[in-house]
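Read the structure below first, then the notes.
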Amino acid sequence: MGFLSKLFGGSKTPTKEEVEPIEYNGFLICPEPIAEGGQYRIAGQITKELDGEMKSHRFIRSDVLSSKSDACELMVKKSKMFIDQSSGKIF
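Under UniProt numbering, the first residue of the sequence shown carries the number 1, and numbering increases by one thereafter.
Following this line, the structure appears as structure tokens:
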């Protein structure tokens with residue numbers, strides 16, 4: 001059965017691209033757009049080390065864009081806005 005899966009592409013697992021995090025006001029912003037029907041949904045993580053522990057806030061927005069790079073760019077802008085509006089008190 002393993003041979004047939006490989007032959008017909010059943011064993012392919014999507015690989016996650018490594019993205020260099022963007023530092024902003026002590027936070028790390030990692031855009032992780034989600035491919036959906038030929039478009040990309042804005043998604044990602046905001047992380048920060050607090051008291052020796054890495055805290056993470058993952059979000060997925062309803063916005064979809066046709067370009068992966070545009071989705072990454074907008075995610076970073078929206079993350080910066082979220083950090084600023086919350087005065088850095090996300091966690």
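The beta-carbon is built from N, C-alpha and C at its ideal position, and this holds for glycine as well.
For GLU36, there is no enclosing alpha helix (DSSP H); the enclosing beta strand (DSSP E) has its first and last residue at 34-36. DSSP places ASP51 outside both helix and strand once states are collapsed to three, so it counts as coil. CA-CA distance, GLU32 to VAL76, rounds to 10 Å.
Annotated three-state conformation of ILE83 is helix, per DSSP. Beta-bridge pairing by DSSP links VAL64 to ARG41.
Judged by DSSP secondary structure, ILE29 falls within the beta strand (DSSP E) whose first and last residues are 27-31.
In the DSSP annotation of this structure, GLU20 is not part of any beta strand (DSSP E), being labelled neither H nor E.
CA-CA distance, ILE42 to MET54, rounds to 23 Å.
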